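Colleague: Below is a structure I'd like to ask you about.
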Amino acid sequence: MLPLTHKDITTSFINASRSQVSDLTLPEDFESLDWDNLDFLGWRDRKLPRRGYVIVQRDNGPVGILLQRAEAKPRARAQCSWCQDITLEDDVVFYAARRAGKAGRNGNTIGTLVCADFGCSRNARKLPSVAYLGFDVEAARDKQINTLRERVQGFVAEVGADE
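Per our numbering, the very first residue in the sequence shown carries number 90; after that it's consecutive.
Below is the structure:
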């Protein structure tokens with residue numbers, strides 16, 4: 090992912106009001122992020138703990154969405170729909186995003202199960218276990234990373250589908 094500035098972030102949101110964007114708190118480690126190992130920028134707001142933000146890089150620049158975490162946690166351990174990490178080191182929670190445009194103004198939302206701390210980029214970069222003799226773990230990891238990118242990009246596209 091390309092490095093972003095505060096202005097890049099605040100002008101990227103497609104489903105947030107100006108007041109919601111002005112309340113935004115950047116991640117604590119924003120100045121030291123390892124942009125080369127991020128497939129998207131995702132974080133929870135320190136001031137508003139149920140609020141999350143995700144920003145992806147598109148051809149026309151960054152696109153951001155605001156997410157709201159559900160109050161209830163899944164009853165059973167859930168799998169993240171983005172990274173599909175099976176080691177379950179991270180909590181997985183339900184996040185909903187108001188759709189962009191008229192659909193969002195009408196109250197339409199879309200939701201997904203995601204790692205609570207948005208650690209999917211880290212999870213996708215873990216080397217998978219060797220499944221069989223000759224198994225190419227680097228190729229498998231590259232596939233995990235590409236699949237993560239496709240899923241996150243797809244979710245953001247769904248949020249903005251009516252824009």
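Quick reminder that beta carbons are idealized off the backbone N, C-alpha and C, glycines included. All values reported here derive from a predicted model rather than from experimental measurement.
From residue 229 to residue 222, what does the alpha carbon distance come to, in whole angstroms?
Modeller: Position 140 of the sequence shown, counted from the first residue, corresponds to residue 229. Position 133 of the sequence shown, counted from the first residue, corresponds to residue 222. Whole-angstrom Cα-Cα distance: 14 Å.
Colleague: Considering only the alpha carbon of each residue, which of 92, 109, 126 and 113 lies closest to residue 237?
Modeller: Mapped onto the sequence shown, residue 237 falls at position 148. Taking only the C-alpha atoms, the option nearest residue 237 is 126.
Colleague: Keeping to the same chain, check which residues put their C-beta closer than 8 Å to that of residue 104; ignore five residues upstream and five downstream.
Modeller: On the sequence shown, position 15 is the one that residue 104 refers to. Around residue 104: 154, 155, 186, 187, 188, 189, 193, 248 and 249.
Colleague: Please classify residue 103: does DSSP put it in a helix, a strand, or coil?
Modeller: Residue numbering aside, residue 103 sits at position 14 when the sequence shown is read from its first letter. Residue 103: coil per DSSP, three-state reduction.
Colleague: At which residue ranges does the segment 125-193 contain complete beta strand (DSSP E) runs of 3 or more residues, listed in the order of the chain?
Modeller: Listed in chain order, they are 130-133, 140-147, 150-158 and 181-187.
Colleague: Which residue marks the beginning of the alpha helix (DSSP H) containing residue 236, and which one marks its end?
Modeller: Indexing the sequence shown from 1 puts residue 236 at position 147. Taken as a continuous stretch (DSSP letters only), the alpha helix (DSSP H) holding residue 236 covers 226-248.
Colleague: Quick one: give me the first and last residue of the alpha helix (DSSP H) that residue 210 is part of.
Modeller: For the purposes of this step, residue 210 is identified with residue 121 of the sequence shown, where counting begins at 1. Here the alpha helix (DSSP H) through residue 210 covers 209-213.
Colleague: Can you find the residues in the same chain that come closer than 6 Å, C-beta to C-beta, to residue 159, ignoring five residues on each side of it along the sequence?
Modeller: Here residue 159 is taken as the residue at index 70 of the sequence shown, counted from 1. Only 183 meet the Cβ criterion.
Colleague: Let's see if you can read the secondary structure: which residues bound the beta strand (DSSP E) around residue 200?
Modeller: Along the sequence shown, one-based indexing puts residue 200 at 111. Taken as a continuous stretch (DSSP letters only), the beta strand (DSSP E) holding residue 200 covers 198-204.
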